[in-house]
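The next block holds one structure in the form of structure tokens; read it before the comments.
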Amino acid sequence: MHSVETPEGNRLTMVRNFFGRKKTIQEVITSGQEVRRNLEWALGSQVEVRLSAGSFPRSFHAKVSGVDHSPLNAYILLRAEIPQEVKSILNGKGSLTLEYDSRRGTRFHFQSFLLSEMDMASGEFRAGYPSEIETVQDIHAYRFKNILREPIQVDLGKERGVAVDIGLHGLLITCNRIFEKEEFISDLKIALPELSLVQGTAVVRHIQNSKAYPGWRYLCGVEITGMKPKDHRNLNRYLTRMLSQ
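In structure tokens form, the structure reads like this:
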């Protein structure tokens, strides 16, 4: 387990399981701007709401139908799928835990509380605005197909190309040099649009002819084998932004 603090003040933790085969990124988002951005991404999403009250916690599903970010009256507006069943659960007591899986492969959860009783006509009720959001991300879940609308320049040592498939674990890059399989790249540089340059090490896993990308001779698939936590965080942020659009 390795923890770092991001420039935004969030806590980022990388965790391997007992056998060291699966790596996840756990993050506690405390930056007000980042919390706001994540809640805006959640609009329209289905969330699981768990009520921690009594001996038997109850859960139900609801949809995030609105978010108010005003400093004095911030809240999350939720709409229950089955108001009649949920009404008996929401009695104004106990804390709420909201969880959902984003289409980016990240599991979000945060603590909240009930602010208003449910409107039976609409099934809507208000929950408290969170001060922090926790996330868990399997790094192998990310894989973004870049269609060159936003070119990502990549340097493999002295060879320069463009990423056409990018993820937290590796890239597929156009190039004009033929690399050897298992060749070690000690100086991998990825120029992320609107973000800083990220660097690391990689190993070439396969090479193929490039027919779909005129002007390039080969496509080179590399696995990222090393990257500083800050650079890994920036790559994670870029993929999150692109996949949320």
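So for the sequence shown, this note's numbering puts the first residue at 14; every next one is plus one. C-beta: ideal position from N, C-alpha, C; glycine also.
Check: With a Cβ-Cβ cutoff of 8 angstroms, do V217 and E196 count as a contact?; Outcome: yes
Check: Considering Cα atoms alone, identify which of N189, S108 and H245 is closest to G228.; Outcome: N189
Check: Report the partner residues of V62 according to the DSSP bridge assignment.; Outcome: F73 and L111
Check: Look at the alpha carbon of V62 and the alpha carbon of E94, and state the distance between them as a whole number of angstroms.; Outcome: 11 angstroms
Check: Please report the straight-line C-alpha distance between G180 and A215, rounded to a whole angstrom.; Outcome: 13 angstroms
Check: For the putative contact between I198 and L232, defined by C-beta atoms under 8 angstroms, what is the C-beta separation to the nearest angstrom?; Outcome: Contact doesn't hold; Cβ gap of about 15 angstroms is too wide.
Check: Helix, strand or coil, according to DSSP, for G45 in the structure here?; Outcome: helix
Check: Which residues does DSSP list as the beta-bridge partners of D132?; Outcome: E137
Check: Can you give the Cα-Cα distance for Q147 and I237, rounded to whole angstroms?; Outcome: According to the sequence shown, residue 147 is Glu rather than Gln. So the two alpha carbons sit approximately 26 angstroms from each other.
Check: Report buried or exposed for S125, applying the criterion of at least 16 other Cβ atoms within 10 angstroms of its Cβ.; Outcome: buried
Check: Between the C-alpha atoms of E193 and R173, what's the straight-line distance to the nearest angstrom?; Outcome: 16 angstroms
Check: If distances are taken between C-alpha atoms only, which option among K100, I220 and D114 comes closest to N51?; Outcome: D114
Check: Which residue comes first and which comes last in the beta strand (DSSP E) that contains E236?; Outcome: Y231 to M240
Check: Report yes if the C-beta distance between L210 and R250 is below 8 angstroms; otherwise report no.; Outcome: no
Check: Return the residue from the list S72, V80 and P96 that minimises the CA-CA distance to S108.; Outcome: S72
Check: Among T253, L111, R246 and R49, which has the Cα closest to the Cα of K76?; Outcome: L111
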